[in-house]
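Report on the structure given below.
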Amino acid sequence: MITAPRMLTIAALAAFGLGSPLYAKAPAKADEDAIRAMIEKVYAGYMREIPEAPEDGSYAPTNDAGEAFDGYDLPSTASLDVLIDKWSAMMKETEELYRLNSFDWYCQCQDNDNKTSKIVSQTYTVAGKGRINARVVFSPGRTQEGKDSGAPLVFNFKREGSAWKLDDLKFHEFTTLRKGLAADIRDAQRPSQAKKRVTNKQSAIVQGEIVSHGSSTEGRRS
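Numbering-wise, numbering that gives the first Met the number 0 puts 162 at position 163 of the sequence shown, and it's gapless, one number per residue.
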């Protein structure tokens, strides 16, 4: 039987968030292995040396936002696919920088050093029925002091049918992928709507001027 003080200790641990993720339930080995393989495939290109890279190893990735360094497309859920497809179509029509088209989602960086980049840590936990979170810290290269850099990125995986698929990302000190995509889409729509209103207003002004000029011309003729 758990005594009152012991029960209080457990409650206190939960209150301070010590029940997660350190004490969270680990996923089944087969499920973790399947997701781990995808994670490692995502980062493989970032850690592969590039023959034509500069001597210092620095290299600016040319992959599109939403793709890994070597173009690997992590399978995503149907609902996330719809959101990404809409976002991608809108980003192709603009040169503006928004939240998610200005950096690499997976390394959370703009530059990557292939010679020193590496996966620093991986933690897998059950996040509910048919859901697994993968917390990954990837270092896109060492600092001048020789220390690994990088920040944690949480992959939210959801089982669809018999496969595990990405359902969201939680960026470090930033929003989630879904919220970021929605915000970018909303912001990207505003200029076109404003432009449409301006165009309509200009058209109305022009029409008004034509009518005005026509009236004044007729007045002079009389």
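Just so it is clear, CB atoms sit at the ideal spot from N, CA and C, and this is done for glycine as well.
Remark: C-beta atoms of Y105 and R35 do not approach each other more closely than 9 Å.
The straight-line gap separating the alpha-carbon atoms of D80 and R158 is approximately 14 Å.
Under the DSSP assignment, S120 falls in the beta strand (DSSP E) whose first and last residues are K117 to G127. In the structure shown, the three-state DSSP call for W104 is coil. Residue pairing of E159 in beta bridges, as defined by DSSP: A162. Nearest C-alpha to S161 among I38, E48, R98 and P74: P74. Contact annotation, F156 with A133: C-beta distance approximately 7 Å; criterion of less than 8 Å satisfied.
Under the criterion of beta carbons closer than 8 Å, F137 and G129 do not qualify as touching, at roughly 26 Å. Within 10 angstroms of the beta-carbon of V119 lie fewer than 16 other beta-carbons, which makes it exposed. Under the DSSP assignment, R141 falls outside any alpha helix (DSSP H); it carries neither an H nor an E label. Residue nearest to D183 within the set M89, Q107 and R47 is M89 (criterion: CA-CA distance). Approximately 5 Å separates the beta-carbon atoms of K164 and T76; this is inside 8 Å, confirming the contact.
Within a 10 Å sphere around the beta-carbon of S101 sit fewer than 16 other beta-carbons, which makes this residue exposed. Per DSSP, the unbroken alpha helix (DSSP H) holding D84 starts and ends at A77 to M90. A residue is called buried when at least 16 other Cβ atoms come within 10 angstroms of its Cβ; G145 does not meet this threshold and is exposed.
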